[in-house]
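K.L.:
Have a look at this one before I ask anything.
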Amino acid sequence: MTTTRTTTRTDPMSQTPGETTERTTERTAPASDTPPDAERLRRWRMVLGADSADSTGRTLTGQDAAMDGALDALYGGGAGKKPNGRGTGGRSAGLGASAPSVARWLGDIRTYFPSSVVQVMQRDAIDRLGLSALLLEPEMLEAVEPDVHLVGTLLSLDKAMPETTKETARAVVRKVVEDLERRLESRTRATLTGALDRSARISRPRHRDIDWDRTIRANLKNYLTLPAPDAATTAGSTGATGTVVPERLIGYGRSSRSAKKDIVLCVDQSGSMAASVVYASVFGAVLASMRTLSTRLVVFDTAVVDLTDQLDDPVDVLFGTQLGGGTDINRALAYCQSRITRPADTVVVLISDLYEGGIRDEMLKRVAAMKASGVQFVTLLALSDEGAPAYDHEHAAALGALGAPAFACTPDLFPDVMAAAIEKRPLPIPDKEYQP
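The sequence shown begins at 133 in our numbering and counts up by one.
Written out as structure tokens, the structure is:
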């Protein structure tokens, strides 16, 4: 039984029966024309692969056979052979190091499967079959479905990429970056703008600057019950009214052209942090576009590179990184610390799996010193949607003991984390399983 197919990818046959039937009725006979038992066997045959052919008694034809061949080229036992088996139900297919062969396969899976499944299969093909080198060919890049993981792979291949491929690679990266910006920018701006306004509250606001919700909550202790006028004493009336006496007004400070907060993004560019580097670059560009924030982006391995002057174009930022190599968190934090001029108004975000190759004790001393000076320090073990990351538990626990808890953060949660840091309130740590 080919169990790999049901554990390493999102198999279309594992979706609900309605979804699968809707997708396949255009290619095969309508479900109503297929006996229930035969349809069930067909589905099991598609899920389990060629090894189940004898037991299910099903022979695949048409589009079913083509889908089965595309799946087996990646997940079957014939890796290293050229794809075939279209329309035959044969399972000797595979993917070899042939650009035309792989390009055809990429076209096939985009025809048969939804985009989310295509991205998973592409990632599996790169990881399982070592097809990274083929991405250096423009024809291949034009055939793939762009996503964050593909961008990470392209960045790791940047130094080996021929000039004929670089423009195509930049186009692929730009498409992913623009999609991420559309998805993340508006909510990030709205969330952080609100946090910046709240952090600038004043106690003697002008009338139009009063935050009425906070003012009422702060003065509920001054609630007075007043007797109702005689005319209001009618059937169903309680006969009394109440009011809040606002002894203390809370309001927003007037907006200023100067930056209210300084943000320092310190990003580990070791190979395991590829997706985090992509998201951090996009968020860095969004934050840099907000006048009320002064944003600095620093990437590091054993060396430290300040990419702040490239934040107007996150694609330039990404191609300015160099994925791979060692890690020296202490050196990176030393650089960031030297650039802090307003500690009480600064948020430092360290994005790293904390596998430190530098001086551990010095790293912890720097974090403690920054926090003691008033810096809000945030440690993200990952900034991605890949689930629980691998990280150095000892270093994470040590940072937690300093009051800088380390946790994984999804892109959707990042604006809330930044808002909490700006307002100096507890961070919204998503789940205990992400903590050391």
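Glycine included, each C-beta is placed from N, C-alpha and C at the ideal position. For clarity, every value in this text was computed on a predicted model and none was experimentally measured.
By the three-class DSSP mapping on this structure, what secondary structure does Arg306 have?
P.N.:
Counted from its first residue, the sequence shown places residue 306 at position 174. Arg306 falls in the helix class under three-state DSSP.
K.L.:
Run through DSSP, which three-state label would Gln469 get?
P.N.:
Against the sequence shown, residue 469 aligns to sequence position 337. Helix at Gln469.
K.L.:
For Lys393, count neighbouring Cβ atoms within 10 angstroms of its own Cβ and tell me buried if that reaches 16, exposed if not.
P.N.:
Reading the sequence shown from its first residue, position 261 is the one you call residue 393. Buried is the call here.
K.L.:
Per DSSP, Gln508 forms a beta bridge with which residues?
P.N.:
Position 376 of the sequence shown, counted from the first residue, corresponds to residue 508. When beta bridges are read from the DSSP output, Gln508 appears opposite Val479.
K.L.:
Leaving out five residues before and five after Ala412 in sequence, what residues of the same chain have Cβ atoms less than 8 Å from its Cβ?
P.N.:
Numbered from 1 along the sequence shown, position 280 holds the residue referred to as residue 412. Hits under 8 Å: Leu397, Val399, Leu429, Ile483 and Leu515.
K.L.:
For the beta strand (DSSP E) that Val276 lies in, which residues bound it at each end?
P.N.:
On the sequence shown, residue 276 is found 144 positions in, with the first residue counted as 1. Here Val276 belongs to no beta strand (DSSP E), and DSSP marks it neither H nor E.
K.L.:
Starting from Leu450, trace the beta strand (DSSP E) in both directions and tell me its first and last residue.
P.N.:
Along the sequence shown, one-based indexing puts residue 450 at 318. Segment Pro446 to Phe451 is the alpha helix (DSSP H) holding Leu450; no beta strand (DSSP E) there.
K.L.:
Suppose contacts are defined by Cβ-Cβ distances below 8 Å. Is Gln469 in contact with Arg492 by that definition?
P.N.:
Translated into the one-based positions of the sequence shown, residue 469 becomes position 337. Translated into the one-based positions of the sequence shown, residue 492 becomes position 360. Result no, Cβ atoms of Gln469 and Arg492 do not sit closer than 8 Å.
K.L.:
Roughly how many angstroms lie between the CA atoms of Arg349 and Arg242, to the nearest whole one?
P.N.:
On the sequence shown, residue 349 is found 217 positions in, with the first residue counted as 1. On the sequence shown, residue 242 is found 110 positions in, with the first residue counted as 1. Roughly 55 Å separates the two Cα atoms.
K.L.:
Would you mind stating whether Pro521 and Ala540 have Cβ atoms separated by less than 8 Å?
P.N.:
On the sequence shown, position 389 is the one that residue 521 refers to. On the sequence shown, position 408 is the one that residue 540 refers to. Contact flag set, yes.
K.L.:
Taking the alpha-carbon of Arg255 as reference, which of Leu439, Asp240, Ser318 and Val283 has the nearest alpha-carbon?
P.N.:
In the sequence shown, the residue the question calls residue 255 occupies position 123. Arg255 has its Cα closest to that of Val283, out of Leu439, Asp240, Ser318 and Val283.
K.L.:
Report yes if the C-beta distance between Pro537 and Asp517 is below 8 Å; otherwise report no.
P.N.:
The residue given as residue 537 occupies position 405 in the sequence shown. The residue given as residue 517 occupies position 385 in the sequence shown. Their beta carbons are not under 8 Å apart, which means Pro537 does not touch Asp517 by this criterion.
K.L.:
Could you give the distance in angstroms between the alpha-carbon of Asp444 and the alpha-carbon of Asp524?
P.N.:
Stepping through the sequence shown from its first residue, residue 444 is reached at position 312. Stepping through the sequence shown from its first residue, residue 524 is reached at position 392. C-alpha separation (whole angstroms): 33 Å.
K.L.:
Quick one: what's got a C-beta closer than 7 Å to Pro547's C-beta in the same chain, skipping five residues either side?
P.N.:
As a position in the sequence shown, residue 547 is number 415, starting the count at 1. So the list reads Arg319, Thr320, Thr323 and Leu324, once near-sequence residues are dropped.
K.L.:
My assumption, with CB atoms under 8 Å, is that Ile570 sits in contact with Ser426. Please give the rounded CB distance.
P.N.:
No answer is possible for residue 570: the residues shown for the chain start at 133 and end at 568.
K.L.:
Taking C-beta to C-beta, are Leu545 and Pro562 nearer than 8 Å?
P.N.:
The count along the sequence shown starts at 1 and reaches residue 545 at position 413. The count along the sequence shown starts at 1 and reaches residue 562 at position 430. Yes.
K.L.:
Is there a Cβ from chain B that is less than 8 Å from the Cβ of Arg306?
P.N.:
Absent from the structure is chain B; it holds one protein chain and no more.
K.L.:
Looking at the secondary structure, which residues open and close the alpha helix (DSSP H) in which Ser408 lies?
P.N.:
Here residue 408 corresponds to residue number 276 of the sequence shown, with the count starting at 1. That run of the alpha helix (DSSP H) goes Ala406 to Ala420.
K.L.:
In chain order, what residues of the same chain lie with their CB nearer than 7 Å to the CB of Val377, ignoring the 5 residues before and after it?
P.N.:
As a working note, residue 377 is residue 245 in the sequence shown. Asn351, Asn354 and Leu356, listed in sequence order.
K.L.:
Mind reading off the beta-carbon distance from Leu273 to Leu450? Whole number of angstroms is fine, and I expect it under 8 Å.
P.N.:
Reading the sequence shown from its first residue, position 141 is the one you call residue 273. Reading the sequence shown from its first residue, position 318 is the one you call residue 450. So it is not a contact: roughly 15 Å between Cβ atoms.
K.L.:
Can you tell me where the beta strand (DSSP E) with Asp394 in it begins and where it stops?
P.N.:
Reading the sequence shown from its first residue, position 262 is the one you call residue 394. From DSSP, the beta strand (DSSP E) with Asp394 extends over Lys393 to Asp400.
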